[in-house]
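These protein sequences, in sequence, are chains S and U.
Everything in the first sequence is counted per my numbering, starting at 28 for the first residue and increasing by one.
Everything in the second sequence is counted per my numbering, starting at 399 for the first residue and increasing by one.
Below is one structure, written out as structure tokens; comments come after it.
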Amino acid sequence: MSKHAKILVVEDDVDLNDAYRMILSSAGHDVSIAFSGKEALEVIKKEGDPAVMLLDLRMPIMDGIEFLKQYDAPEHKETTIVVFSNYDAQKEVDEAYSLGAERYVLKARAAPKELLRIVDDILSEKE
Amino acid sequence: MDLDTSKKIRVLLIDDDEDDYFIIKKIINQIPHFPFQLEWASTYDEGISRIRTRQHDLYLVDYRLGEKTGLDVLKDAAPQDRSEPFILLTGKGDRDIERKSMKLAAADYLVKGSFNADLLSRTLHYALQRKQIEEQRLQHLVELNRSKDEFISIASHQLRTPATGVKQYIGMLMEGFVGELTADQQQMLSKAYESNERQLRIVSDLLKVAQVDAGKVKLKKTIININELIADIIREQKSTYEQRHQKIIFTPQSDECAATIDRDSVRMVLENIIDNASKYSEQDTTVTVVTKDDNSQVRVEITDQGVGIPLSEQIRLFEKFSRINNPLSTKVGGTGLGLYWAKKIITLHEGAIHVRSKEGKGTTFTIILPKKGQIT
Chain S
28 MSKHAKILVV EDDVDLNDAY RMILSSAGHD VSIAFSGKEA LEVIKKEGDP
78 AVMLLDLRMP IMDGIEFLKQ YDAPEHKETT IVVFSNYDAQ KEVDEAYSLG
128 AERYVLKARA APKELLRIVD DILSEKE
Chain U
399 MDLDTSKKIR VLLIDDDEDD YFIIKKIINQ IPHFPFQLEW ASTYDEGISR
449 IRTRQHDLYL VDYRLGEKTG LDVLKDAAPQ DRSEPFILLT GKGDRDIERK
499 SMKLAAADYL VKGSFNADLL SRTLHYALQR KQIEEQRLQH LVELNRSKDE
549 FISIASHQLR TPATGVKQYI GMLMEGFVGE LTADQQQMLS KAYESNERQL
599 RIVSDLLKVA QVDAGKVKLK KTIININELI ADIIREQKST YEQRHQKIIF
649 TPQSDECAAT IDRDSVRMVL ENIIDNASKY SEQDTTVTVV TKDDNSQVRV
699 EITDQGVGIP LSEQIRLFEK FSRINNPLST KVGGTGLGLY WAKKIITLHE
749 GAIHVRSKEG KGTTFTIILP KKGQIT
């Protein structure tokens, strides 16, 4: 693992949220978690912008799209937002991109080591 | 269910005889409360162009129309695809014409000179009413089909989340997150992982098919070099071929095979067929891929030395859920959706996909893609 960074996992499924936290922590990253867009906004307010954010789209209380609108992603250039969703609906993904998300990953495709590789890739691009 | 009687029902008569028009107008005006408004087209061409404007509720079509006949009108207007009924008129009772007109989806048939206001009124009203019921049934079926597609889509998406969870946790175990595993443990987990991957693939296939069936696939077409695309796919599948002790040879017969396609979907089609070629072949066999550019189209041929497909099964190959029995089909365990989807995608490109095969000898899939097309 090359670099360690602050990562925010925004995922409403408890088991997946747990898994991503464990995988990323094991590689030495500093991981925060949120279970909805609303919680994510609160975490960011308290802890500041993460370097990388894994953002689910379909979540209760506040979904990923609404989060992107409120967070105003283009204003936070230091944060790379990866849409991490199992809904491969083109329209939704396009909307997320237009709101400042930079990558899209189908959750079902990303095994633990792929998740780490994606984060590593982003971090080395930032160097 | 009542027809709306507040406004007049517009009837278009297509008839080359002016006398017929006056006679029918007279009869129609004898119908109590004057529910119908009659208009007249005196030639086949005028009739067809006025049918296209879709301003009428019902058509009366004379059998004799100069060089054409009323049956030609039915053929060209396709009443089965329209919500307005067509009624054929003829000079004398002719069973043959009657049968043909019914086959061409005419709603009814009237013999000129043999109907009065009462019969005409009843015939027109019944034809309208029947068509209305038919429309409602059709609408109901369309809605039913839509809710089926929606159900498949929602259910498949729901299935993905728990399977993704399984993938993460088995993945963590296999990658040693909680300590070293014995060889047996590793092997069992690897089987569980693969089973789960298969389940995820089925979910993806179901979603892709539901999308294409619902007409929701939007092609983003650009000019793509098919040779590069195939070389890339082969590079990706190389290790799989090596693991199975198989060879894959790519022979482009033209330098550049540029076609106007949606890269992602055509790539998935080619990936699927190149992967199938390996899966349905034994060890120590070779798969060859040949591409050729002739000015109007790009042709891709993928040939294996595999188990082959019996002729009787070849026609079912591109059908939904078709599983062909062969010595390797249980081992491969596909969904029967890949080729159905492939055909749909290639057809959307206005291309073609064919199969030639001999049992025990091998199979060739040919994909033809148009070179030119609108970039979207």
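Built from N, CA and C at the ideal position, the CB exists for glycine as well.
Residues of the segment 624-640 of chain U with a C-beta atom less than 7 Å from some C-beta of chain S do not occur. Proximity of chain U to S/Asp40 at the Cβ level (cut-off 9 Å) is accounted for by Thr559, Pro560, Thr562, Gly563, in chain order. Residue S/Gly127 holds the alpha-carbon nearest to the alpha-carbon of S/Glu93 among S/Gln117, S/Gly127, S/Lys73.
Annotation: Cβ neighbours of U/Gly569 in chain S (cutoff 8 Å, chain order): Ala138, Pro139, Lys140. In terms of beta-carbon proximity, S/Tyr98 stays away from the interface with chain U, with every pair separated by 7 Å or more. For a cut-off of 8 Å, the C-beta gap from U/Thr761 to U/Ile707 is around 6 Å, short enough to register as a contact.
Residue nearest to U/Gly736 within the set U/Gln585, U/Asp660, U/Gly464, U/Ile671 is U/Ile671 (criterion: CA-CA distance). By the criterion of at least three beta-carbon pairs nearer than 8 Å, the segment 49-60 of chain S is not in contact with the segment 94-105 of chain S. Nearest to S/Lys104 by alpha-carbon distance, out of S/Val79, S/Ala116, S/Ala123, S/Leu84, is S/Val79. Counting other Cβ atoms within 10 Å of its Cβ, U/Gly574 stays below 16 and is therefore classed as exposed.
Only those residues of the segment 44-55 of chain S whose C-beta falls short of 8 Å from the nearest C-beta of chain U are listed: Ala46, Tyr47, Met49, Ile50, Ser53. Between the beta-carbon of S/Asn44 and that of U/His555 there is about 18 Å, and that puts the pair past the 8 Å contact cut. Residues of the same chain with their beta carbon placed closer than 6 Å to that of S/Asp40 are lacking, with the five preceding and five following residues left out of the count.
Within the model, the alpha-carbon separation for U/His752 versus U/Ile700 is close to 11 Å. Contacts with chain S at 7 Å (Cβ-Cβ) include U/Phe575.
The beta carbon of U/Thr467 sits closer than 6 Å to the beta carbons of Tyr461 from its chain, once the five residues preceding and following it are set aside; these are given in chain order. Separation of the CB atoms of S/Ala123 and U/Gln566 is rounded to 22 Å, and the pair is thereby denied contact status at 8 Å. The beta carbon of U/Asn724 sits closer than 6 Å to the beta carbons of Val705 from its chain, once the five residues preceding and following it are set aside; these are given in chain order. The shortest C-alpha to C-alpha distance from U/Asp492 to any of U/Leu508, U/Gly749, U/Asp682, U/Ser481 is the one to U/Leu508. In the DSSP assignment, S/Lys33 forms a beta bridge with S/Asp57.
Excluding the 5 residues flanking it on each side, U/Leu605 has same chain C-beta neighbours closer than 6 Å at Ser554, in chain order.
Under the DSSP assignment, S/Met80 falls in the beta strand (DSSP E) whose first and last residues are 79-82. One thing to note: U/Arg596 has its Cβ no nearer than 7 Å to the Cβ of S/Ala135. The three-state secondary structure of U/Phe420, taken from DSSP, is helix.
Counting only Cβ-Cβ distances below 9 Å, U/Leu526 has no contacts in chain S at all, with the closest Cβ about 40 Å away.
In the three-state reduction of the DSSP assignment, U/Gln435 falls in the strand class. Taking one beta carbon from each stretch, the segment 674-683 of chain U and the segment 642-649 of chain U have 3 or more pairs nearer than 8 Å; the two touch.
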